[in-house]
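Have a look at the structure below, then the notes.
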Amino acid sequence: SSDQRIFAPAIASLPRMAEGGSVPPQGDTEMRVTEGDTPTAPDVQPSAGIPPDAGLAVTPVGVGGSAADAPGAVQEAPEGAAVAQAEPNHPKELEVDAPEDSRPRLSTEVTFLPNDMTLNVLPSVTGNVLMALTDGGMQYLMAGARASVGVTAGRYLYEVKIAEILNPQETNSGRGRPPQPRNYLRVGFSTRGSSLFLGETEDSMCFDSEGLFTHNRKSVAAAEKMNRDQTIAVLLNLDQASANGNTMSLFKDGVRISPPQKIPQGLEGKPLFPHVTFRNLTLHVNFGPQVLSKGFPFSCRTLRDAAEEDTIVSKIIEPEGGKQEVTFPIMLPDEGTFDWVDQYLEDHPDIVELSDRKILEWAAKSGVWRPNGFQWRSCNDKPEMSFGITQMDDQSIKRALNTIAPVQRRNFIAMEVKSNLMEAERRDSLKRFSPFHFKRIAQVMIGQPPEDFRTRVQEKMLQEKQERANQEWRTKKTEDARRKVIEKRQQELAEQQRRAEDVAKAQARRIEEEAAAAKAAREAAQAQAKAAEGADTPEAVQPGAEATQQKPDHQAADGEGATETQGDANESAKDMEVDVGKTELEKEAPAETPEVHEETGEKPSEARSATGMDVDEKSDEDPPLVELTDEDRAMLFRKSPIPDLPPFVLSATFMNFKLPEESEGFDEVRYTWMPKDLCVDYMKKWVLERKVTTRVEDIEPSQWFIDQLQEWQAKIVLWQRLQSESKDPHKRNGESAEKEGDATEGGQTATGEERKEIMDVSAPKNSEEAGQGKEPEETEDKDEDLMDIEEEDFDVFAVADVTDRGNGVPLFADFAVEDWALLSLRFELHLLVHAFRRDVNDAERLGIHDTNVAFYYNKYYRKVFNTKCFGVDTNAQLVDLVSDSVMFNPKTNVLESLLSDDLDNFDIFVKLSEEERRERQRLIDSGDTSAVLKFQKTAGAMGFPAASIGEGRYANALGAAPLHQQHFRPYNRPRPVARSYGAAVGQHHFVGHARPGPYLGVQVANHGVAGAVGAYTPQPQAVVASTKGYVEYAQQKRPYLAYSAAPPVGKGYR
């Protein structure tokens, strides 16, 4: 077969043993392979851990079991006989025949106990035939079974034969990845009480059907593959006197198919039990006393024929009364639930947990792929399967387990947090377990946990904290090493650059000196030549000398240029003298001052250790040790990053939580942590606290809330329109809108100063000047006389009508954008508090907790609750801005309103806002800068007016009106990129589309009224305003921005 062809070269490559197959000296682990014996199969590698006495010796003698072939025997040829040509080398089996043993044999049958099998294994009554369930998604999970007898000494084997290969139908949705291979087998040994999945932990070792030897999730190629209709024998040799002592070997139909594998050090000296793990197979496991395989090269005893002295037997502990126990833990969510279960399972390893989290663990150990990984989950109680495999995601596995578990003789713990706290679901769970075979126990753990539980929880908390600290330390160390490498490289580059600059400067000085010397020599030669010529004509010497001294500058420059040119021409020749030039530069370069380390004061050469590590790197070699703080020690329960129940499930069910009673069908109700009466009080208090802090997910606004909100919206529209009219002198004097339009027609574009005033929306008194141009001075004086009424002349709370504080001026005439926002906030929070109290209709729900304000605000107003819009970070800081209307209860942290819910009108909110505005203005005038409101002008999420600057393909939404749920844009079509500036106040907020070119404008959109002020173009633009405030622009192709004043229903052109 192909497997034999692959394995044959590997066997041939084993080291030849000296002296006719004797064991090489201990410690000589080097494999000696002669030329021509190299394995030809690259996918087969000798496994790690093969002992020096590999178990197979290559000799000319055939495989046999005689005493002459025993280790240490020397094969001698007859004297004078001719030496025959060596035959091909065959591996010599070092395992010898089992000696006679007169000790008593094992008197107990070797079988599989229920506690040592996974729930999906169905064993036969006799014959040790094991079948794995394949229905309901079980075909994807591994099955495991451990024998009841373990080996402590000697050499024994057991056999496994694949009797049937199962191919269940799969209904995969296409997103998941079923584990491969579909039919899989592992055979080996494990310790008592270890994991039922071979090779997953350090307590087991195995060969698998793919030819791998696995221990603690580490695998190496070590054997041939296993197939159907083959008898696989697993040999465990614990005989210390044997050449293959402390090894495990694999045989197929009596032929060795793997070298002996060294038993891991952690398993030496421990009782080892035969163990199989498989998927979609039916197995026949033979423990003897007869060996099924034929042709074994040596005689060996099976486990059933073992000496009783060499074995250890696991027995079933019969329960009291003949009934198994099923325990239902009753615990409150996030109060030590799964920590207690983990501790309980550690103390009672024979108990099997029935829960969704155990299904996930089972799937992980079976090799099932999960797209988001097995650490991701939304809750601990009912985590999503999310395998992408239909039969695993639709809870088919859980239904199968609920059917299988009650028919098996073992103890269970049914861990479901929510179901165990609800009476109806507890009754359904009890029906699955027959009272004739199971003792059904409810174990209540509520309230103050015992000291041993807290101690073990704190140990776990310390371990997690240390792991986080170790991870942070490793990350920091990596970053520090990376930073040091970068800094060192930068220093090297800086040093290279400095040296290059020094060399360049020295070279420049040398060139200048050579040029100066050449010039001086040339001038001296010229002077000497002229002097010689002047000796013949004495009368010309003096004039000639003067001429030489008065030589024109441009001639001297030409001479120097020629000299420099000549020097440059000779530069290449000078550069050829490398050694000489370098020596001269080193003499001319300034002496380098070695840099000193800033912290240690040492030179760079001294700051390196003998190993090449920086001095700083020597410190912090070990991660820091952490300790629990006093706050950690005071905690009763460990906080898990994943909640036991999702918030929406907890909020919908916690009011139905109830302690168990024996009348429900329990045989016993145990109160483990506290007595029953204290548990009842504790749970009642817990439920009341949850009523305050837990959301009501299905709450809906009542008609009373809707009516109040609509009435408030109408008031806001009216008040904002009155404020706009009060700032218009023509409207206050009874002038018509047409006169106003005629007066402003042909006005000029707003100046830069006017645009600046338009942008400042917090100064409403200047908002009209930008679009209308400069009014006559006498009109402004007249307006000031009508509008400016001293605040000291009246009391805010004494005003009977907020729309007229005197001279037709409303009380809110001086409101800026921030004041309107705070006015709306006062009413919104006041109405929210009273509407929630009416709609929830539960006297035990005190109100809206701080953590749920944003949720209920969005639920009622359909708007995002964003405290950043008001320049604060927390809900408490936001409520402080309107503390005259609402507040947080200091004890319960619940939002409360200071006003009644049956107000005659809404004037009180205007008066409170005006009083707060005056006080704030006094503080600002006195120099208190902390009183200045720092609202975000890009606000809009809270629904109050705001201003902003935006760039884009169309104008950005700059805000929205108080108490309204929708924002409108006149154009949502893609537009050319242009800058747009604007501000808005009103129930709805409208922004003109961005046209090529900037424009400025302030828009006011009220209930059915649209108005705009700013720079404009002469093209007409139709504006239609409906009663809903929705603005439609008729001529969308023309640039626009015009002053327009429209009645509640009508058209305006300008």
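Start counting the sequence shown at 1; every next residue gets the next number (UniProt numbering).
Idealized CB from N, CA, C, for every residue including glycine.
All figures in this text were calculated on a predicted structure; none of them were measured in a lab.
Reference residue i, options the options, closest by Cα
i: residue 342; options: 300, 441, 477, 453; result: 453
i: residue 829; options: 286, 859, 160, 457; result: 859
i: residue 424; options: 653, 219, 932; result: 653
i: residue 838; options: 450, 901, 151; result: 901
i: residue 264; options: 215, 357, 309, 221; result: 215
i: residue 313; options: 439, 202, 107; result: 107
i: residue 151; options: 246, 126, 119; result: 246
i: residue 171; options: 137, 103, 481, 243; result: 137
i: residue 429; options: 459, 398, 115; result: 398
i: residue 668; options: 645, 520, 439, 486; result: 439
i: residue 256; options: 276, 119, 920, 222; result: 222
i: residue 104; options: 308, 141, 844; result: 308
i: residue 437; options: 112, 160, 322; result: 322
Continuous alpha helix (DSSP H) stretch holding residue i: start and end
i: residue 725; result: 703 to 726
i: residue 392; result: 390 to 393
i: residue 679; result: 676 to 693
i: residue 634; result: 630 to 634
i: residue 859; result: 853 to 861
i: residue 192; result: Premise fails: residue 192 is in no alpha helix (DSSP H) and is neither H nor E.
i: residue 431; result: 423 to 431
Neighbourhood of residue i by C-beta, 7 Å cutoff - its chain only, sequence neighbours within 5 removed
i: residue 367; result: 179
i: residue 893; result: 849, 850
i: residue 696; result: 651, 840
i: residue 469; result: 623, 624, 626
i: residue 372; result: 386
i: residue 432; result: 402, 406
i: residue 153; result: 238, 310
i: residue 649; result: 418
i: residue 110; result: 147, 148, 149, 287, 303, 304
i: residue 549; result: For residue 549, the pLDDT reaches just 43, beneath the cut-off of 50, and the residue's location in the model is therefore unreliable, although a value from the coordinates is still provided. Closer than 7 Å at Cβ, skipping near neighbours: no residue.
Integer Cβ distance of residue i from residue j, believed to fall under 8 Å
i: residue 448; j: residue 674; result: 6 Å
i: residue 128; j: residue 287; result: 7 Å
i: residue 808; j: residue 794; result: Incorrect: roughly 14 Å between the Cβ atoms, too far for contact.
i: residue 411; j: residue 351; result: 5 Å
i: residue 864; j: residue 825; result: Not really, about 14 Å apart at Cβ, beyond 8 Å.
i: residue 332; j: residue 686; result: 6 Å
i: residue 324; j: residue 409; result: 6 Å
i: residue 903; j: residue 887; result: Residue 903 to residue 887, Cβ: 18 Å. No contact.
Delimiting residues of the beta strand (DSSP E) encompassing residue i
i: residue 415; result: First-last for residue 415: undefined, no H or E at that position.
i: residue 227; result: That residue, residue 227, is in no beta strand (DSSP E); it is neither H nor E in DSSP.
i: residue 214; result: 212 to 215
i: residue 325; result: 324 to 330
i: residue 237; result: 231 to 237
Neighbourhood of residue i by C-beta distance below 8 Å, restricted to the same chain and skipping five residues each side
i: residue 835; result: 701, 702, 704, 705, 708, 860
i: residue 335; result: 446, 636, 637
i: residue 585; result: Here residue 585 scores only 41 on pLDDT, less than 50, and its place in the model should not be relied on; the value that follows carries that caveat. If we look at residue 585 and ignore the five residues flanking it on each side, its Cβ neighbours are 503, 506, 507, 510.
i: residue 601; result: With a pLDDT of 47 at residue 601, under the threshold of 50, the modelled position of that residue is not reliable, and the figure given next carries that caveat. Excluding positions up to five away in sequence, the list is empty.
i: residue 474; result: 623
Neighbourhood of residue i by C-beta, 6 Å cutoff - its chain only, sequence neighbours within 5 removed
i: residue 155; result: 237, 239
i: residue 658; result: 423
i: residue 327; result: 413, 441, 443
i: residue 369; result: 177
i: residue 559; result: Reliability fails at residue 559, whose pLDDT of 44 lies under 50, so the model's placement of it is uncertain and the value that follows must be treated cautiously. Counting only Cβ-Cβ distances below 6 Å, and skipping sequence neighbours, we find nothing.
i: residue 857; result: 865
Residue i CB to nearest heavy atom of the ligand MN below 8 Å
i: residue 821; result: Ligands are entirely absent from the displayed structure, and the ligand MN is therefore not among its contents.
Next item on the list: List in chain order: all unbroken beta strand (DSSP E) runs of 3+ residues lying wholly within the region 864 to 931.
Entry: 886 to 888, 894 to 897
What ranges does the beta strand (DSSP E) occupy inside the region 254 to 318, keeping only unbroken runs of at least 3 residues that lie completely in it?
273 to 279, 281 to 286, 311 to 313
- Query: Which residue spans inside the region 637 to 666 form an unbroken alpha helix (DSSP H) run of at least 4?
  - Reply: 647 to 653
ask   = Whole beta strand (DSSP E) runs in the region 340 to 377 with 3 or more residues, listed along the chain?
value = Secondary structure within the region 340 to 377: the beta strand (DSSP E) runs of 3 or more consecutive residues, fully enclosed, are 351 to 354 (chain order).
Restricting to runs no shorter than 3 residues, where is the beta strand (DSSP E) found entirely within the region 114 to 169?
121 to 123, 129 to 132, 143 to 147, 149 to 151, 155 to 165
* Whole beta strand (DSSP E) runs in the region 480 to 534 with 3 or more residues, listed along the chain? -> none
Threshold first: 3 residues or longer. Then list the beta strand (DSSP E) segments lying entirely within the region 790 to 858, N to C.
none
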